[in-house]
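Here the structure comes first, spelled out in structure tokens, and everything after it is commentary.
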Amino acid sequence: MDEDVLRLIQTHMKTVLDTEKMIQEINAASKNQTQYLLLDKEVGKLRWELSRISKRKSDLYEDYAERLITEEEYIQFSRIYSNEIENIKSRLDTVLAAQVRYSQDYHIEEGWGNVIHTYMSKRKLTKEMADAFVDSIIIHGKYDYEIKLVYDDQFADLQKLKKEKEGSQDDRS
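If you want it as structure tokens, here you go:
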């Protein structure tokens, strides 16, 4: 079982590093850099809009304090501005996440990357390595078991991104 765990972890680490490199290479293509710049402009617009709405919301209290608007209007406009701010923040998070996916400097999540680089050269499974990678081992029978790794979710997301990138490469061909 130790050999299977080690083999799975080594395959996992190699695949992650190869995939990260491939995504960086694809992102370096001019089409992807254009997309990155478009997303960067969108981030700027959303931040400006967030700043504008936040200023309006803060000015709202002054209007209320100076009795330019009623308490009812203050509550109503405050709620509207709060909703707009939340919507903009949500859109900004989405655009920032998309932008990272187009970055030439794309990297896997830092903690995961550190774990991989720490154990990449190991040729023998250690307790520390197993603790860092293995979430659980489910034994179904004497020779039948399932190994679940800590980073399986991120690994699946990375593979999905790889397929998307490969698909966008194929579309241009």
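If you're matching positions, the sequence shown starts at 3 in the numbering used here and goes up one per residue. Virtual Cβ for every residue (Gly too), placed ideally from N, Cα, C.
How is residue i classed by DSSP in three states: helix, strand or coil?
i	result
D133	helix
L127	coil
Y147	strand
Could you say which of the options lies nearest to residue i if we only look at CA atoms?
i	options	result
M15	E166, K150, L163, F157	F157
Y83	S105, R103, E51, V102	E51
K91	S80, R54, L48	L48
Y121	I11, D4, L163	I11
D61	L160, E74, S80, K43	S80
E86	E64, S53, Q101, Y66	S53
L41	S138, S56, Y76, R93	R93
A100	Y38, R9, Q78, D155	Y38
L151	D137, G46, R103, K59	D137
L163	R9, V18, D4	V18
Y104	Y145, E64, E168	E168
M3	D155, Q161, Y147	Y147
Q160	K33, A132, D20	The identity of residue 160 in the sequence shown is Leu, whereas the question assumes Gln. If we check each option's Cα against that of L160, D20 comes out closest.
N34	E112, V102, E5	V102
With residue i and residue j assumed to form a contact (beta carbons below 8 Å), what rounded beta-carbon distance in angstroms separates them?
i	j	result
I118	V7	Wrong, their Cβ atoms sit about 16 Å apart, outside the cutoff.
V97	E44	5 Å
W114	Y153	5 Å
So does the segment 15-26 actually touch the segment 69-79, counting three or more Cβ pairs closer than 8 Å?
No, the segment 15-26 is not in contact with the segment 69-79.
Which ranges does the alpha helix (DSSP H) cover as unbroken runs of at least 4 residues, wholly within the segment 47-131, from first to last along the chain?
Considered as a whole, the segment 47-131 harbours 73-104, 112-121 as its complete alpha helix (DSSP H) runs of no fewer than 4 residues, in chain order.
Inter-stretch contact (C-beta, 8 Å, three-pair minimum) for the segment 27-47 and the segment 125-132:
Short answer: they don't touch.
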